[in-house]
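In my numbering, the protein residues as written are 29 to 730. Even glycine gets a Cβ: it sits at the ideal position worked out from N, Cα and C. Quick caveat: nothing in here was measured; it's all calculated off a predicted structure.
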Amino acid sequence: MLKSLKISGKWRMLLYGGVGLLFILVIANVIINRIVQHKVSETLQHLSPGLKVSFSAINSNVLTAVLSLDSVIIDYTPDSSQSQHQHMVRFSAVELTGISFMKMLFRRTLSINDVQLSKVEVNLDEYLLKKKDNLGKQLFDHTAFNSISVNHFTVNDLRIWESTRLLLKGNISIDEINIRNVKQPFTADNFHIGAVRGNLSDINYTLPNAYHTLTIKQLTIDSRQQTLQINSMKLVPQYPPSEFFQKTDNQPLYVALNIADLTLLQVDMPKLLDKKLVAGKITLNKSAFNIYYEVSGAQPTLSRSFLFIDLQKTLSVIQTDLFSMNRSSIAYGSTTGDQLKLNGNIETHQLNIRTTDTLSGRHDIHFKTLACALNDIHAVSSGSYQHLHIKQLNIDHKGTLQATSLKISPQYDKFEVGKKAGHQIDVVDATISGITITQLDMARFFRQEIIAEQIWIKESNVYIFRDRRLPRPSRYKPLPVAFLKSIPTRIRVHQLKVSSSTLSYEELPKDGPQTGLLKVEKLQASLSPLINHPSPSDPDHMDLRMEGSLMGSGTVKTTVYLPFAAGKDYYVSGAFDNLDLTTLNSAAENLGHFHIESGLLNNLTFQFSLNDEKSTGKVVGSYHQLVVEKLKGASKKVAGFPTFMLKHVIIPKNKDASLPVARRTGAIDYKFDHTRSLSFYFLKSLLSGIDASFTFGFLLPK
């Protein structure tokens with residue numbers, strides 16, 4: 029036949045040579061493939077002492093640079109004496125294409141164009157998860173390669189189980205995986221990945237030792253679009269708050285979390301390798317946080333929580349240009365009884381968080397601006413037995429804070445509060461129409477500093493009750509400036525002002541069955557500046573100005589000079605004008621045991637200085653038709669002889685401006701009791717001057 033084709037000898041030689049070469053290549057391919065398959069099989073058998081790899085078939089083609097394995101099973105048993113504890117991975121198929129055998133042989137580099145894993149089943153052992161055995165390090169310690177490069181890595185139909193419990197399912201693809209040195213830690217310089225795409229669902233993972241379970245209905249990630257989307261994310265504690273701390277080896281942090289939607293845009297995926305979450309925008313929609321602390325000693329022991337330890341290990345920094353929480357709620361509580369609940373929206377710009385041991389230091393949270401619209405804020409302070417409710421609180425990006433409809437109320441009946449405290453305590457019931465703070469530096473506020481232009485407390489109604497039958501704590505109470513300096517929080521406010529308000533003080537005396545009431549109406553006040561840690565360039569004092577109407581009658585005005593320098597005297601001056609003294613009978617009868625039949629205080633001016641030891645100064649007064657009766661006993665009967673002395677000897681009926689000033693003047697000389705409040709100090713100083721203005725004293729209560 030060849031003769032009939034008349035092929036020349038030259039072409040016959042080329043044809044025979046080509047067939048021979050093809051035959052040699054086929055034989056060489058078979059031999060090399062056998063060698064490759066044997067080498068791969070041998071390598072898989074010696075990856076790690078505790079690792080066993082089996083498969084039903086292995087195929088390779090050096091010419092097309094393809095390697096595939098069927099029905100792969102990987103068993104990992106780190107401790108042969110506990111063979112019941114092992115991780116297991118199954119692949120229906122593993123296909124590697126575009127393998128560079130030259131790089132593998134001569135440069136000890138595993139270079140693959142595409143890796144596909146199909147129908148992957150991973151079964152994890154709970155015991156080994158808690159031990160956190162470092163399998164990854166063992167695998168790379170035994171590998172024959174110095175570096176690894178994979179252009180495309182795909183996992184299809186992935187399912188991860190813990191025993192019979194599904195942890196997650198879905199698909200993952202990763203492009204441009206490069207490990208420069210497999211012996212070194214996986215840092216951003218040593219480990220690089222390109223595009224990451226994934227769609228995972230039914231995530232259900234119990235955090236080891238943290239006693240919380242994380243569930244996610246759907247997680248979608250696309251690094252090319254720089255997006256990460258999570259739908260229906262929950263963090264569920266394994267026990268209710270009442271049992272959590274006892275059943276979890278006293279883990280101090282209980283967190284119940286429910287987020288309907290979490291979106292991250294412009295995510296810097298490579299920085300996640302350095303435990304840094306960096307994103308352009310992070311948005312939480314319909315989120316609910318329920319946080320409960322076990323407080324040990326004076327501070328929450330947050331650093332003992334495995335939940336927080338895991339967070340520190342996973343993320344050291346969170347950075348975003350814009351962080352927002354929409355239609356969210358936060359509930360905080362502690363074993364001491366402190367509580368905080370709120371709802372609303374929060375937005376910050378240039379947020380930077382470092383996850384330290386406490387996450388409460390001055391330099392752990394930074395942001396440029398913060399804005400919020402919160403409502404139904406409820407707070408409980410266990411130490412004061414008081415409850416605070418704020419209907420609405422708004423903060424804009426310019427630092428203007430507006431709170432409306434504030435209510436401070438006792439948790440219990442006013443008599444019950446004192447019994448629970450075990451001593452005298454001021455029980456406050458107050459309604460405040462609103463508070464406005466302008467130019468508030470929110471970033472510095474989170475660093476424990478209050479820097480603002482003005483704090484304006486609007487129309488208020490404040491009621492204070494004290495039960496004097498209870499023991500009085502003998503704690504040292506410093507003067508106002510010294511007290512402000514003792515507060516670690518730095519305060520710098522240009523002006524604090526209070527609009528027309530009502531202040532009522534009711535007291536049950538130690539030896540009386542009925543309370544006495546003092547009320548100041550139309551009370552207005554201003555303090556400028558409000559500074560607790562002054563600098564050399566600041567003024568040398570603060571000015572306090574107050575005015576109002578005592579018991580709805582007449583007016584009272586007061587000015588107080590409060591020096592910053594230690595050892596300098598305070599100066600107090602002011603005047604009462606046109607006060608109907610009979611309006612004071614509630615306090616006079618029940619607290620002072622005397623009754624005022626009639627009397628008009630035309631004017632009473634006062635000037636005195638005070639310091640840590642005593643107050644000194646004077647009062648000058650004038651009055652008309654003053655008639656006073658002394659009372660005795662619970663029935664408040666008129667005491668005959670003391671009343672006769674008051675009417676005819678001690679208290680002249682009239683002292684008007686026609687009398688010499690010396691006869692209307694009383695010297696203030698009162699020794700300061702540091703266990704008493706400043707208001708008590710002021711009142712007693714005034715009463716000492718009034719008492720001294722009468723020749724035989726005024727029989728005032730001591």
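Own chain, CB closer than 7 Å to residue 377, minus 5 neighbours either side, in chain order | 349, 350, 395, 396 and 397
Let me know the secondary structure DSSP gives residue 676 once reduced to three states.
-> The answer is helix: DSSP assigns residue 676 an H, G or I state.
Can you name the residues that DSSP bridges to residue 397?
-> 377
Output the distance between the C-alpha atoms of residue 524 and residue 261, rounded to the nearest integer angstrom.
-> 44 Å
Compute the beta-carbon to beta-carbon distance between residue 496 and residue 546, rounded to the nearest angstrom, for a pair I have assumed lies under 8 Å.
-> 14 Å between Cβ atoms; not a contact.
Where residue 666 falls, given that 16 or more other Cβ within 10 Å makes a residue buried = Burial call: exposed.
Between which two residues does the alpha helix (DSSP H) carrying residue 508 extend?
-> 508-514
Residues of its chain near residue 616, where Cβ-Cβ distance is below 8 Å and the 5 sequence neighbours each way are ignored | 544, 622, 623 and 624
Whole angstroms is fine: what's the gap from residue 659's alpha carbon to residue 282's?
-> Taking the straight line joining both Cα atoms gives about 60 Å.
What are the start and end residues of the beta strand (DSSP E) that includes residue 275?
-> It is not in any beta strand (DSSP E) - residue 275 instead sits in the alpha helix (DSSP H) that spans 269-275.
When you compare only the Cα positions, how much space is there between residue 277 and residue 234?
-> 17 Å
State whether the segment 570-582 contacts the segment 606-614, with contact taken as three or more CB pairs (one from each stretch) at a distance under 8 Å.
-> yes
Between the CA atoms of residue 79 and residue 109 - distance to the nearest angstrom = For the pair residue 109 and residue 79, the Cα-to-Cα distance works out to about 14 Å.
Return the bridge partner residues of residue 528 from the DSSP annotation.
-> Partner(s): none; residue 528 has no beta bridge.
What are the start and end residues of the alpha helix (DSSP H) that includes residue 505?
-> Here residue 505 belongs to no alpha helix (DSSP H), and DSSP marks it neither H nor E.
Could you tell me whether the segment 442-450 touches the segment 365-375, where touching means 3 or more Cβ pairs closer than 8 Å?
-> Segments in contact, no.
Please list, in chain order, all residues of the same chain as residue 388 whose beta carbon is under 7 Å from its beta carbon, the five residues on each side excluded.
-> With a pLDDT of 48 at residue 388, under the threshold of 50, the predicted position of this residue should be treated as unreliable, though the coordinate-derived value follows. The beta carbon of residue 388 is closer than 7 Å to none in its chain, skipping five residues each way along the sequence.
Whose CA, out of 225, 704, 203 and 270, lies closest to the CA of residue 502?
-> It is 704.
So what's residue 340 in DSSP terms, helix, strand or just coil?
-> helix
Ordered along the chain, which non-local residues of its own chain (more than five positions away) have a Cβ less than 8 Å from that of residue 25?
-> What is shown of the chain runs 29 to 730, which leaves residue 25 out entirely.
Please report the residue range of the alpha helix (DSSP H) in which residue 470 lies.
-> 470-473
Hey, how far is the Cα of residue 111 from the Cα of residue 159?
-> 15 Å
Who does residue 220 pair with in a DSSP beta bridge?
-> Beta-bridge pairing links residue 220 to 206.
Relative to the C-alpha of residue 585, which residue among 542, 212, 633 and 521 is closest?
-> 633
Could you tell me how far apart the beta carbons of residue 566 and residue 589 are, in whole angstroms, since I believe they sit closer than 8 Å?
-> Contact flag wrong, Cβ pair sits at about 15 Å.
Please state whether DSSP places residue 687 in a helix, a strand or coil.
-> DSSP places residue 687 in coil when its eight states are reduced to three.
Cβ pair residue 205, residue 183 closer than 8 Å | no
Using the C-alpha atoms, what's the distance from residue 432 back to residue 419?
-> 6 Å
With DSSP run on the structure shown, which of helix, strand or coil describes residue 610?
-> helix
With respect to the beta strand (DSSP E) encompassing residue 712, which residues constitute its N-terminal and C-terminal limits?
-> For residue 712, there is no enclosing beta strand (DSSP E); the enclosing alpha helix (DSSP H) has its first and last residue at 706-720.
Please look up how many angstroms separate the CB atoms of residue 14 and residue 223, rounded, as I've assumed it's under 8 Å.
-> Missing from the structure shown is residue 14; the chain here goes from 29 to 730 and no further.
In terms of alpha-carbon separation, which member of 468, 480, 494 and 125 lies closest to residue 454?
-> 494
Alpha helix (DSSP H) containing residue 13: first to last residue?
-> Outside the shown range of the chain, which is 29 to 730, sits residue 13, and nothing can be said about it.
Answer yes if the segment 307-320 comes into contact with the segment 332-343, meaning at least three C-beta pairs across the two stretches below 8 Å, and no otherwise.
-> no
Excluding sequence positions up to five away, which residues of its chain have a Cβ less than 6 Å from the Cβ of residue 484?
-> 464 and 525
For chain D, find out if any of its Cβ atoms is closer than 8 Å to the Cβ of residue 570; answer yes or no.
-> Absent from the structure is chain D; it holds one protein chain and no more.
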